[in-house]
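Everything in the sequence shown is counted per our numbering, starting at 71 for the first residue and increasing by one.
Heads up, the beta-carbon is just placed ideally off N, CA and C, and yes, glycines get one too.
First the structure, in the form of structure tokens, and then the observations on it.
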Amino acid sequence: MPDVKRITTNTLQQMKKAGEKISMLTAYDFSFAGIFDAAGIDVILVGDSASNVMAGHETTVPITLEQMIYHGQSVVRGIKHALVVIDLPFGSYQSNSDIALASAIKMMKETGGHSIKLEGGEEVVDSIRKIVNAGIPVMGHLGLTPQSIYKFGTYSVRAKEENEAAKLKKDALLLQEAGCFALVLEKIPANLAKEVSESLSIPTIGIGAGKYCDGQVLVMHDMLGINNEFNPRFLRKYANLHENITQAVQQYIGDVRSQDFPNEQEQY
Ligand code: KIV
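Here's what the structure looks like:
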């Protein structure tokens, strides 16, 4: 075994206790997962945002369990250190808790991932309990839950109104009691995320949920500037790969056309 300390669900809970912030990024393939892992990321989320950024769908609804398994397998092969969380996609757990458990078991057996994530509160608590009882760590996801986009109709900030905020606080406690090891809080007011984070013993990982969460997550294509059409307020871009890649590809096209590439040293 290589001498690398693996991050576990327990590590994340210790980090919360110690006040150390948790870093999480999405990845969908072997190469990027390996780079993020070597850079020291704590958690890699194989998000169902693969449906958007890898497959080009408008929503996360179409991606299938088999497709998520393919992405999960690819990421797991690139990892030595990070905890890998894999999303259960829409349709693979909502029907009933037996189907949810079967999907979670299939995901774990076929990918070698370390945990699964699913969206929702009270409605999925029975499923979470069953999956956790089977020995599978579960990350919850509250606030903006993109698999329910057709129910809510927009991607705007959630839980601004008191009744929705009250439901979210109740759901967060239910998910903790059901055995979730962490919760994603997506696109909710920072003060609500603060209150939830302080009320839980498990870590919260925010996206568009402000600075008081116990960790942060971003979609890799957004933070690396690969996708230059998505510019919400919460997004900080750490690179402009859209421009860098465009320039590199244009230079390559020019070199091929001018017969500068390949040169004498680049041939056998
Ligand atoms: O699928 C995904 O990328 C996610 C993150 C936005 C948290 O669920």
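query                                                                                                                                                                            : result
Check whether the region 252-266 and the region 211-220 are in contact - that is, three or more C-beta pairs closer than 8 angstroms.                                            : yes
Does histidine 312 come out as helix, strand or coil in the three-state DSSP assignment?                                                                                         : helix
Are the CB atoms of glutamine 286 and glycine 278 within a distance shorter than 7 angstroms?                                                                                    : no
For lysine 187, write down the residues that DSSP places opposite it in a beta bridge.                                                                                           : Asp157 and Met209
Using only alpha-carbon positions, find the residue among Pro302, His291 and Val319 that is nearest to leucine 115.                                                              : His291
Contact defined as beta carbons within less than 8 angstroms: I believe valine 155 pairs with isoleucine 186. What is the distance between those atoms, to the nearest angstrom? : 7 angstroms
Once DSSP output is grouped into helix, strand and coil, what is the label at glycine 104?                                                                                       : helix
How would you call asparagine 80, buried or exposed, if buried means at least 16 neighbouring beta carbons within 10 angstroms?                                                  : exposed
Determine the closest residue to arginine 147 out of Tyr98, Gln84 and Ile296, with distance taken between C-alpha atoms.                                                         : Tyr98
Take valine 319 and list the residues in its own chain whose beta-carbon comes closer than 6 angstroms to its own, dropping the five residues that flank it on each side.        : none
Name the residue from Leu243, Leu153, Val254 and Arg303 whose alpha carbon lies nearest to the alpha carbon of threonine 78.                                                     : Leu153
Tell whether a beta-carbon distance below 7 angstroms holds between isoleucine 92 and proline 207.                                                                               : no
May I ask you to verify whether the region 222-229 touches the region 166-182, counting CB pairs closer than 8 angstroms and requiring at least 3?                               : no
Would you say threonine 134 and glutamine 217 are within 7 angstroms of each other, going by their C-beta atoms?                                                                 : no
Run the proximity test for glycine 117: is its beta-carbon closer than 6 angstroms to any non-hydrogen atom belonging to ligand 1?                                               : yes
Assuming valine 289 contacts serine 144 under a Cβ cut-off of 8 angstroms, what Cβ separation, rounded to an integer in Å, is found between them?                                : With 8 angstroms as the limit, valine 289 and serine 144 do not qualify as a contact, their Cβ atoms being about 17 angstroms apart.
Return the bridge partner residues of serine 93 from the DSSP annotation.                                                                                                        : Gln286
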